[in-house]
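Residue numbers (UniProt numbering), protein chains in the order written: chain H, 1 to 417; chain Y, 1 to 417.
Structure, rendered in structure tokens:
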């Protein structure tokens, strides 16, 4: 019952993306303008990057309530991710052998924010705050803008809070190619973050294969939630959480595990009721068809099932979670208690909403500040330290048939080679 | 002059690997036995996994000097990586909103150790120590064994120090497929580590694409070293370091940047001298043909060049490194001073020798303990905390057109939807 629906891109996605990548690589900005016209109906003389004036206009146009909302979310996300700033590690492994692990912010990052039916300022914050804290020298945000409309003020306002100055008004595979290869207008980046449709995902994968030194964030997949609820849980809360996942798209998967038949029945009733007034009811209904409300023997069994399934979002509507939390693994993010809906983490609690899904939570991490850093090591050995290390290096190099490795030690110690 | 040689797998590598993956997926152990016979000349009844007896024999057969060498390397590597054990993070982003970042060891990991012309116990340690510290429940080491010989005692001894009990005597793409899909004998793992030839690399990439929830370590590439040396540096030391990289393979790249023509001349002379007695001289000579000894204007300029090139290994043979170290980035590992040859880090200083190469040091990390963990987040919101968060969630959900997200908050606060 927990089988995830198969996901496969249409056959033409790969060749279409390959063409776009080649074209952007060879023709740069003019290719970007052509694609913006073809895919988004932009004027050919529309500027590729937002201007300072665009940022000023966004600030003026945005209503105060939404501005304050974005600022509150920004502050919480910033607090949680500031606590993740990494510290270098330094120690001597033996006398005369000093070793360090050092963190380096990735120089140049690209952040993709998909278009969809509405602008997504939350997606700007969930990536932009991290880039800002890391101190990346170059941060380019790319997002599609339709026709002759201006870019959504909420996007630019969120970007400006994150200190992002370069906003590329281009979407889809052409935007990814621009970030990967660079153009006259768009700086080439080292790592591309952000969700997107099948073309964006394919373009990211192809670029990562084709451009040496380019990295991308985690694999994308349909969004999913698993709710574990005990007999005292509120069916209306559960239904609201299931629907807030289901409204994302028809391929969303939503699952309830409860040891109470009454709670399952109450949830079913509340689902029917809440669907009546939901604007995105058709999408949510389609998603509910892939989904399941399952009676389990016990909450302990529900935790076992969750660990096997590996949900992106796990909501624990339990009177007492403390017993179960240490046993939970393979999740993207956990929402504990009756008053922690998934939408808290989607927007404003401070945790990141970019999470591994589709079973990747067994091995991939939730997006964290460390994704904007890399580590490298440093060692400093004294002559006497090397004399002692030689007792390990020389026999092992000999066993591995690598004589020059041994020579590099012997020659320094004045030994015959 | 610093252009890296192009690397591309032969055309048949992909289809060959695709066949092997399919075959192992469908036929399991019997496919593994067939491939072991075909590729390595193993007997069809040779056991796939090493026995306790094999471990005991290895312990007895290995000479004391090599045993002590492996133990010393193990201890240093363990000390450096123990210092990397991550700590969970917990804070309140605002009153009533508790957020946590938690670390989870990846359950099941596969470690590949290539065959090559000699057994590579260092490759066992550089992966196995990390798996041991993380406490991964399942650790499977795979390595090819030729003909009717027993597996190299040094491999099994290093594995036993790391607490590895499951050693698969199979190499190449079949081993990777076994780890990715699992067979009756081989447990399926969540992440596959380790270097290998073009087939191993391709098999890892294909498996990562085909098996949901499977991850692999960093992209592989030819090994490389860049030495920065000042006028007081010793040409013989430099030559020994260049050769210890060049002997890895004909595609290795070795570079010297010095502000002293005399040092470059001394290095050239020492290279010719040391090559005379080097067993792997032919391989080293081929590598030296792709390589360059370059006169720079200053050490500061050399550091700029290094940052652009992004070397896997960077050796600083400088009288004073402290001025330059903070300016260096985009490296895998740095070796500071006249008495820190690359072979110190390759075997025994304690740092990891699995490093990003081929320009990936701009964005990928040196292998560290964190590669054996994943992170997830937990949030716990109180009712009053949610009432305050609602000021951020509800306007943002409205702006993004996601009404069910807002409803999940309103219904909990008893507000009308």
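Don't be surprised by glycine CBs; every beta carbon is placed ideally from N, CA and C.
Query raised in the report: Should residue 378 (chain H) and residue 64 (chain Y) be called a contact, given that it needs their Cβ atoms to be closer than 9 Å?
Result: On the first chain, residue 378 (chain H) is found 378 positions in, with the first residue counted as 1. On the second chain, residue 64 (chain Y) is found 64 positions in, with the first residue counted as 1. The Cβ-Cβ distance between residue 378 (chain H) and residue 64 (chain Y) does not fall below 9 Å.
Query raised in the report: DSSP state of residue 405 (chain H), grouped into three classes?
Result: Locating residue 405 (chain H) in the first chain gives position 405, where the first residue counts as 1. Annotated three-state conformation of residue 405 (chain H) is helix, per DSSP.
Query raised in the report: If the cut is a Cβ gap below 9 Å, which residues of chain Y does residue 285 (chain H) touch?
Result: On the first chain, position 285 is the one that residue 285 (chain H) refers to. In chain order: nothing, as chain Y lies at least about 12 Å away.
Query - At least three beta-carbon pairs within less than 8 Å, the region 404-414 of chain H to the region 117-134 of chain H - result: Segments in contact, no.
Query raised in the report: Near residue 139 (chain Y), which residues of its chain fall below 6 Å by C-beta distance, leaving aside the five closest residues on each side in sequence?
Result: For the purposes of this step, residue 139 (chain Y) is identified with residue 139 of the second chain, where counting begins at 1. The answer, listed in chain order, is 109, 131, 164.
**Report entry** Reduced DSSP category for residue 410 (chain Y) - H, G, I as helix; E, B as strand; rest coil
**Finding:** Here the question's residue 410 (chain Y) lines up with position 410 in the second chain. Reduced to three states, the DSSP call for residue 410 (chain Y) is helix.
Query raised in the report: Roughly how many whole angstroms lie between the Cα atoms of residue 192 (chain H) and residue 177 (chain H)?
Result: Along the first chain, read from residue 1 onward, the residue named residue 192 (chain H) stands at position 192. Along the first chain, read from residue 1 onward, the residue named residue 177 (chain H) stands at position 177. Taking the Cα positions, residue 192 (chain H) is about 10 Å away from residue 177 (chain H).
Query raised in the report: According to DSSP, what are the bridge partners of residue 313 (chain Y)?
Result: Residue mapping note: residue 313 (chain Y) aligns to position 313 of the second chain, counting from 1. For residue 313 (chain Y), which the question treats as bridged, DSSP gives the partners Y:225, Y:333.
**Report entry** Cross-strand partners of residue 67 (chain H) (DSSP beta bridge)
**Finding:** Here residue 67 (chain H) corresponds to residue number 67 of the first chain, with the count starting at 1. Assignment of beta-bridge partners to residue 67 (chain H) by DSSP yields no partner.
Requested in this report: Take residue 405 (chain H) and list the residues in its own chain whose beta-carbon comes closer than 8 Å to its own, dropping the five residues that flank it on each side.
Outcome: Walking along the first chain from the start, residue 405 (chain H) turns up at place 405. 393, 397.
Report task. Taking residue 420 (chain Y) as part of the beta strand (DSSP E), name the residues at either end of that continuous run. Result -> The structure shown does not extend to residue 420 (chain Y), since chain Y spans only 1 to 417, so no value can be given for it.
**Report entry** Residue closest to residue 80 (chain Y), alpha-carbon to alpha-carbon, out of H:59, H:88, H:334, H:229
**Finding:** As a first step, residue 80 (chain Y) must be located in the second chain, where it is residue number 80. Of the listed residues, the one whose Cα sits closest to residue 80 (chain Y) is H:88.
Query raised in the report: What in chain H is Cβ-close to residue 334 (chain Y), meaning under 8 Å?
Result: Your numbering for residue 334 (chain Y) matches position 334 in the second chain. Residues of chain H whose Cβ lies closer than 8 Å to the Cβ of residue 334 (chain Y) are, in chain order, 376, 377, 378, 379.
**Report entry** Local Cβ density within 10 Å of residue 76 (chain Y), reported as buried at 16 or more and exposed below that
**Finding:** Position 76 of the second chain holds residue 76 (chain Y). Result: buried.
Requested in this report: Please confirm if the region 183-203 of chain H is in contact with the region 294-302 of chain H, defined as three or more CB-CB distances below 8 Å between the two stretches.
Outcome: Output reads no: the region 294-302 of chain H does not touch the region 183-203 of chain H.
Query - Entirely enclosed beta strand (DSSP E) segments - the region 332-400 of chain Y, minimum 3 residues - result: Unbroken beta strand (DSSP E) stretches of 3 residues or longer found wholly inside the region 332-400 of chain Y: 333-336, 373-381, given in chain order.
Query raised in the report: Beta-carbon separation of residue 382 (chain Y) and residue 96 (chain Y) under 9 Å?
Result: Here the question's residue 382 (chain Y) lines up with position 382 in the second chain. Here the question's residue 96 (chain Y) lines up with position 96 in the second chain. Here residue 382 (chain Y) is near residue 96 (chain Y), since their CB atoms are less than 9 Å apart.
Report task. Mind checking the region 72-87 of chain H against chain Y and listing, in chain order, the residues whose C-beta falls within less than 7 Å of any C-beta there? Result -> If the cut-off is 7 Å between Cβ atoms, the region 72-87 of chain H has 72, 73, 76, 79, 80, 83, 84 near chain Y.
Report task. Select from H:161, H:149, H:229, H:331 the residue whose C-alpha is nearest the C-alpha of residue 47 (chain H). Result -> The residue labelled residue 47 (chain H) in the question sits at position 47 within the first chain. The option with the nearest alpha carbon to residue 47 (chain H) is H:149.
Report task. Could you spell out the range, first to last residue, of the alpha helix (DSSP H) harbouring residue 264 (chain H)? Result -> On the first chain, residue 264 (chain H) is found 264 positions in, with the first residue counted as 1. The continuous alpha helix (DSSP H) containing residue 264 (chain H) extends over residues 261-275.
Report task. Mind checking who residue 138 (chain H) pairs with in its DSSP beta bridge? Result -> The residue given as residue 138 (chain H) occupies position 138 in the first chain. Note: residue 138 (chain H) sits in a beta bridge opposite H:108.
Query raised in the report: Would residue 261 (chain Y) count as contacting chain H if we go by Cβ distances under 9 Å?
Result: Taking the second chain and counting its residues from 1, the one referred to as residue 261 (chain Y) is at position 261. Interface residue (Cβ-Cβ distance to chain H less than 9 Å): residue 261 (chain Y) is not classified as such.
Query - At least three beta-carbon pairs within less than 8 Å, the region 178-186 of chain H to the region 224-240 of chain H - result: With a cut-off of 8 Å on Cβ pairs, the region 178-186 of chain H is not in contact with the region 224-240 of chain H, counting fewer than three such pairs.
Query raised in the report: By Cβ distance below 7 Å, which residues in the same chain neighbour residue 369 (chain H) in space, the five residues on each side in sequence not counted?
Result: Numbered from 1 along the first chain, position 369 holds the residue referred to as residue 369 (chain H). Its chain contains 81, 84, 85, 130, 133, 134 as the residues whose beta carbon lies nearer than 7 Å to that of residue 369 (chain H), once the 5 sequence neighbours on both sides are disregarded; these appear in chain order.
Query raised in the report: For residue 166 (chain H), does the three-state DSSP call read helix, strand or coil?
Result: Against the first chain, residue 166 (chain H) aligns to sequence position 166. The three-state secondary structure of residue 166 (chain H), taken from DSSP, is strand.
Report task. Would you mind giving the Cβ-Cβ distance between residue 147 (chain H) and residue 40 (chain H), rounded to the nearest angstrom? I have them listed as a contact below 8 Å. Result -> As a working mapping, residue 147 (chain H) is identified with position 147 in the first chain. As a working mapping, residue 40 (chain H) is identified with position 40 in the first chain. The pair is a contact, with the Cβ atoms about 7 Å apart (cut-off 8 Å).
Query raised in the report: Sorted by chain position, which residues of the same chain lie with C-beta nearer than 6 Å to residue 184 (chain H)'s C-beta, five sequence neighbours on each side aside?
Result: Position 184 of the first chain, counting from 1, holds the residue named residue 184 (chain H). Cβ within range, chain order: 28, 29.
Query raised in the report: If we ignore side chains and look at the alpha-carbon of each, how far apart do residue 355 (chain H) and residue 341 (chain H) end up?
Result: Within the first chain, residue 355 (chain H) is the residue found at index 355, counting from 1. Within the first chain, residue 341 (chain H) is the residue found at index 341, counting from 1. Distance between the alpha carbons of residue 355 (chain H) and residue 341 (chain H): 16 Å.
Query raised in the report: The alpha helix (DSSP H) spanning residue 53 (chain Y) covers which residue range?
Result: As a working note, residue 53 (chain Y) is residue 53 in the second chain. Residues 52-61.
Query raised in the report: Near residue 104 (chain Y), what residues of its chain come up, given a Cβ to Cβ distance below 7 Å and the 5 sequence neighbours on each side ignored?
Result: On the second chain, residue 104 (chain Y) is found 104 positions in, with the first residue counted as 1. Excluding residues up to 5 positions away in sequence, 373, 374, 376 lie with their Cβ nearer than 7 Å to the Cβ of residue 104 (chain Y) in the same chain.
Query raised in the report: Can you find a C-beta in chain Y that's less than 9 Å from the C-beta of residue 202 (chain H)?
Result: In the first chain, residue 202 (chain H) corresponds to position 202, counting from 1. No Cβ of chain Y is located within less than 9 Å of the beta carbon of residue 202 (chain H).
**Report entry** C-alpha distance - residue 44 (chain H) paired with residue 186 (chain H), whole-angstrom precision
**Finding:** Looking up residue 44 (chain H) in the first chain gives position 44. Looking up residue 186 (chain H) in the first chain gives position 186. About 17 Å.
Query - Beta carbon proximity, residue 241 (chain H) to chain Y, threshold 9 Å - result: Counting from one through the first chain, the residue named residue 241 (chain H) turns up at place 241. Yes, contact with chain Y.
**Report entry** Closest Cα partner of residue 329 (chain Y) within the set Y:320, Y:240, Y:313
**Finding:** Residue mapping note: residue 329 (chain Y) aligns to position 329 of the second chain, counting from 1. The residue among Y:320, Y:240, Y:313 with its C-alpha nearest the C-alpha of residue 329 (chain Y) is Y:313.
Requested in this report: Quick one: which residues of the region 386-398 of chain H get their C-beta closer than 7 Å to a C-beta of chain Y? List them in chain order.
Outcome: The residues in question are 386, 389, 391, 392, 393, 395, 396, 397.
Query raised in the report: Do you know offhand how far residue 243 (chain H)'s Cα is from residue 15 (chain Y)'s?
Result: Your numbering for residue 243 (chain H) matches position 243 in the first chain. Your numbering for residue 15 (chain Y) matches position 15 in the second chain. Straight-line Cα distance between these residues: approximately 44 Å.
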